[in-house]
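Worksheet for the structure shown next.
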Amino acid sequence: MLSKVAERIYWTARHLERVENTARLISVYDNLLFDLPDELDISWYNLVTLNSADDLFAERYKNRDERNVVKFLLADNTNPSSMLSALQMVRENVRTTRDVLPKESWEMVNELYIFANAEIQQGLKRSARHGFLEQMVRGCQQINGLFAGTMRRDACWQFLSLGRNLERADMLTRLLDAGAAAQIQGEAETDVRISQVVWGNVLRSSSAELCYRRTMRSAVHQNDVAKFLLQDSQFPRSLKYCLDDMLQSVKALPNRNKATEAVNAALGSEFGMDEGKRLGVEFRDYLNQQQLNLRNLHQVFSEIWFPVV
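Numbering (numbering that gives the first Met the number 0), first residue to last: 0 to 308.
Written out as structure tokens, the structure reads:
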């Protein structure tokens with residue numbers, strides 16, 4: 000496989016996962032702000048910080064209100080990580096790799112692209128946002144389901160798996176960071192116990208609530224949620240599962256030694272979940288380090304399999 004083709008497949012998966020994660024994030028944040036007490040002022044702008052896009056946002060917008068943040072994350076074509084920008088990149092990458100991807104994927108991506116551009120205004124309106132975002136998540140899941148059900152587990156599949164799991168792991172660390180930040184702010188500003196609301200929404204953002212309750216067999220508790228989403232080896236959106244899956248993909252590809260070491264290094268970095276330990280600054284520092292580890296993984300993958308000629 001040509002390195003350029005491999006890179007486009009890798010980015011197809013990353014951008015498709017980014018589309019789904021952005022839709023999930025905004026949908027869940029809507030619910031979170033609705034459930035929290037009025038005296039707790041958690042801003043929509045936190046989502047911009049969560050995506051490390053403060054400088055880019057400041058170039059375009061003066062007000063950090065809900066409409067500007069949602070527009071920036073969903074529809075702004077100057078933001079390369081916005082939902083529409085990511086979906087456009089999915090479409091372009093699938094278009095240029097149609098000879099190695101299922102034929103139906105081009106049709107399904109086009110349908111989702113046309114729907115998103117035609118209905119994007121619904122996503123900006125609070126009253127219609129939930130239905131629009133739900134349809135976007137469902138469309139991404141259908142495309143991923145097509146890949147999973149029809150592709151041979153060759154190099155093409157392995158690069159898709161690498162991209163999807165890396166993007167998914169990165170967003171998970173950001174969602175946990177957002178939960179920890181909301182918890183810290185809530186404890187400082189209100190006497191109302193908000194832990195279950197915050198961490199319940201973190202679970203729902205990853206469609207993890209049912210699996211969490213079946214596995215942990217307990218009410219929603221911040222330490223248990225963090226432990227499940229970071230360390231559970233059988234839930235496909237946990238950090239450990241994503242890293243384990245990346246390791247299997249790396250082992251199936253040539254020139255794997257350096258990449259194997261990098262993934263194993265990320266797997267070896269764990270946060271001790273003492274039962275009475277608060278998920279505060281130390282936990283957020285750990286999540287930031289994991290984001291750096293994931294960025295390093297991307298750089299290693301690029302050096303090995305997508306070298307700049």
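Quick reminder that beta carbons are idealized off the backbone N, C-alpha and C, glycines included.
A quick note: this is a predicted structure, and the numbers were derived from the prediction, not measured.
**Asked** Along the chain, where does the alpha helix (DSSP H) that runs through Ser194 open and close?
**Response** For the purposes of this step, residue 194 is identified with residue 195 of the sequence shown, where counting begins at 1. Start and end: 194-204.
**Request:** Report yes if the C-beta distance between Asn222 and Leu145 is below 8 Å; otherwise report no.
**Result:** Stepping through the sequence shown from its first residue, residue 222 is reached at position 223. Stepping through the sequence shown from its first residue, residue 145 is reached at position 146. Contact: no.
**Item:** Exposure label - Gly122; buried when at least 16 CB within 10 Å
**Value:** What you label residue 122 is simply residue 123 of the sequence shown in a count that begins at 1. Gly122 should be labelled buried.
**Exposure of Arg205, with buried meaning 16 or more beta-carbon neighbours within 10 Å** = Looking up residue 205 in the sequence shown gives position 206. The question names Arg, yet the displayed sequence has Ser at residue 205. The residue in question, Ser205, is buried, as its Cβ has 16 or more Cβ neighbours within 10 Å.
**Request:** Measure the beta-carbon distance from Ala261 to Asn287 and round it to whole angstroms, keeping in mind my assumption that it falls under 8 Å.
**Result:** What you label residue 261 is simply residue 262 of the sequence shown in a count that begins at 1. What you label residue 287 is simply residue 288 of the sequence shown in a count that begins at 1. Going by Cβ atoms, the distance from Ala261 to Asn287 rounds to 18 Å, so no, they are not a contact pair.
**Prompt:** If we ignore side chains and look at the alpha-carbon of each, how far apart do Arg255 and Arg63 end up?
**Reply:** In the sequence shown, the residue the question calls residue 255 occupies position 256. In the sequence shown, the residue the question calls residue 63 occupies position 64. Each residue's alpha carbon lies about 44 Å from the other.
**Request:** Mark Ile8 as exposed unless 16 or more other C-beta atoms lie within 10 angstroms of its C-beta, in which case mark it buried.
**Result:** Position 9 of the sequence shown, counting from 1, holds the residue named residue 8. Ile8 comes out buried.
**Asked** Taking the alpha helix (DSSP H) that Val89 falls in, what are its first and last residues?
**Response** Sequence index remark: in the sequence shown, residue 89 carries index 90 (1-based). Note, Val89: alpha helix (DSSP H), 82-94.
**Message:** Can you tell me whether Arg97 is buried or exposed? The criterion is at least 16 other CB atoms within 10 Å of its CB, across all chains shown.
**Reply:** As a position in the sequence shown, residue 97 is number 98, starting the count at 1. Arg97 comes out exposed.
**Asked** Under 8 Å, do Ser232 and Lys226 count as touching if we go by C-beta distance?
**Response** Counting from one through the sequence shown, the residue named residue 232 turns up at place 233. Counting from one through the sequence shown, the residue named residue 226 turns up at place 227. Not a contact, by the Cβ cut-off of 8 Å.
**Message:** Measuring only the C-alpha atoms, how far is Asp169 from Ser2?
**Reply:** Translated into the one-based positions of the sequence shown, residue 169 becomes position 170. Translated into the one-based positions of the sequence shown, residue 2 becomes position 3. The straight-line gap from Cα to Cα measures roughly 24 Å.
**Item:** Straight-line gap, Val299 to Ala258 (C-alpha atoms, nearest Å)
**Value:** Within the sequence shown, numbered from 1, the residue matching residue 299 stands at position 300. Within the sequence shown, numbered from 1, the residue matching residue 258 stands at position 259. Rounded to the nearest angstrom, the two C-alpha atoms are 6 Å apart.
**Item:** Three-state secondary structure (DSSP) of Leu297
**Value:** For the purposes of this step, residue 297 is identified with residue 298 of the sequence shown, where counting begins at 1. According to the sequence shown, residue 297 is His rather than Leu. Note: His297 maps to helix in three-state DSSP.
**Local Cβ density within 10 Å of Phe33, reported as buried at 16 or more and exposed below that** = In the sequence shown, counting from the first residue as 1, residue 33 sits at position 34. Answer is exposed; the Cβ neighbour count stays below 16.
**Message:** Taking the alpha helix (DSSP H) that Leu32 belongs to, which residues open and close that run?
**Reply:** Looking up residue 32 in the sequence shown gives position 33. That run of the alpha helix (DSSP H) goes 2-34.
**Prompt:** For Val108, which of Glu133, Arg137, Ser80, Arg125 has the nearest alpha-carbon?
**Reply:** In the sequence shown, residue 108 corresponds to position 109, counting from 1. Comparing Cα-Cα distances from Val108 to each of Glu133, Arg137, Ser80, Arg125, the minimum goes to Arg137.
**Asked** Alpha carbon to alpha carbon, how far is Lys126 from Lys70?
**Response** The sequence position of residue 126 within the sequence shown is 127, counting from 1. The sequence position of residue 70 within the sequence shown is 71, counting from 1. A quick correction: the sequence has Ser, not Lys, at residue 126. So the alpha carbons of these two residues sit roughly 15 Å apart.
**Asked** Since Ile119 contacts Leu165 with CB under 8 Å, what's their CB separation in whole angstroms?
**Response** In the sequence shown, the residue the question calls residue 119 occupies position 120. In the sequence shown, the residue the question calls residue 165 occupies position 166. The Cβ separation is near 27 Å, so there is no contact.
**Message:** So within the stretch 59-83, which uninterrupted beta strand (DSSP E) runs reach at least 3 residues, ignoring any that extend past its ends?
**Reply:** none
**Request:** Ignore the nearest five residues each way along the sequence and tell me which others in Arg94's own chain have a CB closer than 8 Å to its CB.
**Result:** The sequence position of residue 94 within the sequence shown is 95, counting from 1. Cβ neighbours of Arg94 beyond the five flanking positions: Trp105.
**Asked** What is the rounded straight-line gap between the Cα of Ser26 and the Cα of Leu266?
**Response** Mapped onto the sequence shown, residue 26 falls at position 27. Mapped onto the sequence shown, residue 266 falls at position 267. Cα-Cα distance, rounded: 30 Å.
**Request:** Ignoring anything shorter than 4 residues or poking outside the stretch 106-169, list the alpha helix (DSSP H) runs there in chain order.
**Result:** 125-149
**Prompt:** With burial defined as no fewer than 16 other Cβ atoms inside 10 Å of the residue's Cβ, what is the status of Asn116: buried or exposed?
**Reply:** For the purposes of this step, residue 116 is taken as the residue at position 117 of the sequence shown. Label assigned to Asn116: exposed.
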